[in-house]
Every structure is written in C-alpha cells, then in structure tokens.
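Residue numbers (the working numbering), protein chains in the order written: chain A, 208 to 274; chain B, -18 to 321. Backbone N, C-alpha and C define an ideal beta-carbon position, used for all residues, glycine too. As the structure is a computational prediction, the values presented were derived from the model and not from experiment.
Structure, rendered in structure tokens:
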C-alpha cells in the first residue's frame, strides 16, 4: 500500500491500496503539531495503513485517514 | 529489404529445455516461424537464436554477440518471436528489441501483454499481443509480417489502436481537423452522457490488488520509500534525481529515524520539514509503537529507498520488481510505501 498526498497520480500509475498522506513533503507527519501529537497522528496513519492492507479492495482504492 | 528474425533455441529447432543453455547462433534464411513470416509476405534473410537460459544468465554476452551480428547485417527490420507467454523468451526478445531500437532498427515483437518482455522492450518495439501459447501462432504471424514489412520499407504505420500493437508510450504529433476546444467540449459532453473516453492511451501496467493480509498482528511488514531517505551524509551516494538504483539500510534495533542520523536527498521537494524528523517520510517510530502494542507482528530488518525524481516508469517498475523479489524471499507479507 502507498501513503501519498497525491492519490490521483497514484491511481494513474496503477496503485491499488492508497492512503491519503498529510502533505507532499511530509506524507507521515505534520510539522504544525507538537511532537507527542504528531507521533499520535503518525501512529493513526500507520494503523489505518495496516487496516487497508487487511481489507479486500477494488483497483485504485483511496482511503482517507478518517473513515 | 533486409529482414532479421530472432528465435529461442526451441523455435530455431535446436532443442528444448536441454538446449536452453546454447550460445547465440546465426543461420541463413528463415527457420521455424520464419517460414510462416515468409508465407505472409516477409522473407527472412537471417535468423538469430539464443538459448533462453543462456540469455537470462549471460545477458551482456548474449546481447553483445547478437548486436554485433545486427551491426554486420544492417537489417531494415528485426522481428523477435512470437514468444507468447514464455517469460524467458519474451524477456530476451524485449531486451534485444530495446537495444536494436536504440540503434535505430525498427523492431516488431509478439507476446502476451503481461510478458516481462513488454517492459524490457521499453517502448522500442511494436509488440503484437498474442495468446499465451503456440496455438496463437497462425493469428500472430500475418499481423507481425504486415507491420514489419511496412516498417522495413519505411511506410507509415497507424496508431496502436489502428494497427493492433501494444501502446509504446510514444506520442507523435498529428493533424486533426477539429480544434482542441471543440474536442474538449465533445469529451465533456460524452462524459456527462456516461461515456468517458480519452485521446491518450492510459498506461497498461495494471496488476490486480493483492489479497489482503489476514491479520496485521501476525504479519511482518517492510517499509519502502521513494522519498530519498538515507543515512545522514548519503554514504552510498543515492542520486538525488534520475536514480538508477534502490538502496536498503538496516533498521533492526532502530526505534526512530532521527534528525541528524537520517536525511532526504530527494531533489524533487523541499526537504526541510522532513529532515527535521525523517519519520515524516518513513514512519518507523509509529511502526515500532504499533509493534510494541502487539497490533503489528514485526518489521522487516531493512528499509528500502530510492529518490523518485524524473524516474522512467520502466526503471521504477524494475525497482519494484527487484525489491518485491527480495521481500517475498524473506517472508514479508506486506509493504507500506511512502511517496512524496
């Protein structure tokens, strides 16, 4: 699965499991957050990624961080 | 018109698997499927051949000999195959086609659309799609002969859709009667009417979604990135753009990709925020947290990296195939890939 802030491009290239990342320059981080909050966000992102990996999907599926 | 035809050892009549180690060979005239090409209007002057295993195991040597012969002969067109669904044969056809194409020789191949030879050809060849086995020969040869004859004689050929070959990724300028604005409006109206279409062929590299993993808590995942994340100082000199390599670095016992220890050398985005905390590119600290909580079974002992800037699709596909082969062989069930 791919975490990216550019899910449309990921779909064009044929990715099947896509999770929208935070930003282009920090797909798994947010520099505006305090360190503890940012790690909590990142842990949610990775947990969501694991859920996507454990889910049967159609080609080109894009998930948001919040279901 | 001088026509050269490439075959593997089997179709060249030199033997089956027991002969797959044969070195390149050169024969006068048409052999095997080449006779079918001749019957379809494409007389073959010279047949080249190589054992499938020899090509796979000694690609540089095989190509060197075959290209030397092509340089001597100076063909107007090269035909490779048909290779049908054979991976080794198709790969040899595609690789030879790529190198011949770079020398300016028109090349026609024939194989299944998912044959690795299609990627190997890198758009250099006109590839006629075939069925998976030799039963497709009768249908393939006339199409191959027709394309090859026109290419060899310098006649124009139609688009991939018109002439029935796989899209090569080449875009050529054409004159059309209707203005772009008119075509855009027509495309919009068609879409609103539920008939979306495009003037540009989409890429063909599509794989079905892999089966989901049964239970993340019992799975080992690997971290892969195209964000150019490397140990500080870029010890192995990962190119910042046009990368032709992927690298991997051990993370066994590493709990976080800390600033000062890792950095991004990617030339395609502003790396300041990422370099202040490289976990923003490769989320190792969060992965470790989930591993400690028992929500993730384990993490592969390396993370894999390249810089995806101006990377040709064929190169990116090769990286993916190579990394996947390593991961599958080490029992990794899934990958979290991060892209910038």
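Excluding five sequence positions before and after residue 15 (chain B), the CB atoms of its chain that fall closer than 6 Å to its own CB belong to -14, 25 and 28, given in chain order. For residue 250 (chain A), the uninterrupted alpha helix (DSSP H) segment begins and ends at 242 to 260.
Of all residues in the stretch 239 to 256 of chain A, those with a C-beta nearer than 7 Å to a C-beta of chain B are 246, 249, 250, 252, 253, 254 and 256, reading in chain order. For the stretch 260 to 272 of chain B, residues whose beta-carbon sits nearer than 9 Å to a beta-carbon of chain A comprise 260, 261, 262, 263, 264, 266, 267, 268, 270 and 271.
No Cβ-Cβ contact shorter than 8 Å links residue 202 (chain B) with residue 318 (chain B). Residue 221 (chain A) and residue 294 (chain B) have their C-alpha atoms some 11 Å from each other. Nearest Cα to residue 42 (chain B) within the set B:192, B:251 and B:2: B:2. Assigned with DSSP and collapsed to three states, residue -9 (chain B) falls in coil, not helix or strand.
Counting other Cβ atoms within 10 Å of its Cβ, residue 92 (chain B) reaches 16 or more and is therefore classed as buried.
Under the DSSP definition of a beta bridge, residue 279 (chain B) partners with B:201. When Cβ pairs closer than 8 Å are counted between the two stretches, the stretch 252 to 259 of chain A is seen to touch the stretch 217 to 237 of chain A, the count reaching three or more. Using a 10 angstroms sphere on the CB of residue 321 (chain B), the tally of other CB atoms reaches 16 or more, which defines it as buried. Bridge partners of residue 74 (chain B) according to DSSP: none are assigned. Residue range 228 to 231 is occupied by the beta strand (DSSP E) that includes residue 228 (chain B). Counting along the chain, residue 118 (chain B) sits inside no beta strand (DSSP E); it lies in the alpha helix (DSSP H) bounded by residues 118 to 133.
Comparing alpha carbon positions, the residue from B:73, B:59 and B:58 closest to residue 65 (chain B) is B:73.
With contacts defined by Cβ atoms closer than 8 Å, residue 96 (chain B) and residue 68 (chain B) form a contacting pair. The beta carbon of residue 100 (chain B) does not come within 8 Å of any beta carbon belonging to chain A, so the residue lies off that interface.
Taken in chain order, the complete alpha helix (DSSP H) segments of 4 or more residues contained in the stretch -5 to 78 of chain B are 14 to 20, 33 to 38 and 40 to 54.
The three-state reading of DSSP puts residue 227 (chain A) in strand, counting E and B together. Listed in chain order, the non-local C-beta contacts of residue 255 (chain B) below 6 Å within the same chain comprise 245, 261 and 262, local neighbours out to five positions each way being set aside. Residue burial annotation: residue 157 (chain B) is exposed, with fewer than 16 other C-beta atoms found within 10 angstroms of its C-beta.
Taking a 10 Å sphere around the C-beta of residue 49 (chain B), we find fewer than 16 other C-beta atoms and assign the residue as exposed. Sixteen is the threshold: when 16 or more other Cβ atoms of the shown chains lie within 10 Å of the Cβ of residue 208 (chain A), as they do, the residue is buried. From the beta-carbon of residue 193 (chain B), the residues of chain A found nearer than 8 Å are 260, 261, 262, 263 and 264. Each residue's CA atom was taken as its position, placing residue 210 (chain B) and residue 178 (chain B) some 39 Å apart. In the DSSP annotation of this structure, the continuous segment of the beta strand (DSSP E) that includes residue 245 (chain B) starts and ends at 243 to 245. Judged by DSSP in its simplified three-state form, residue 288 (chain B) adopts strand. Ranked by how close their Cα comes to the Cα of residue 11 (chain B), the residues B:5, B:285, B:250 and B:60 have B:60 in first place. Using a 10 angstroms sphere on the CB of residue 235 (chain A), the tally of other CB atoms reaches 16 or more, which defines it as buried. Excluding residues up to 5 positions away in sequence, 213 lie with their Cβ nearer than 7 Å to the Cβ of residue 241 (chain B) in the same chain. Across the stretch 80 to 99 of chain B, no CB contact with chain A closer than 7 Å is found for any residue.
At a cut-off of 8 Å between beta carbons, residue 317 (chain B) contacts chain A. With its beta carbon less than 8 Å from one in chain B, residue 235 (chain A) belongs to the interface. Following the DSSP letters along the chain, one finds residue 215 (chain A) inside the alpha helix (DSSP H) bounded by residues 214 to 219. Boundaries of the alpha helix (DSSP H) harbouring residue 268 (chain B): 265 to 273, taken from the DSSP string.
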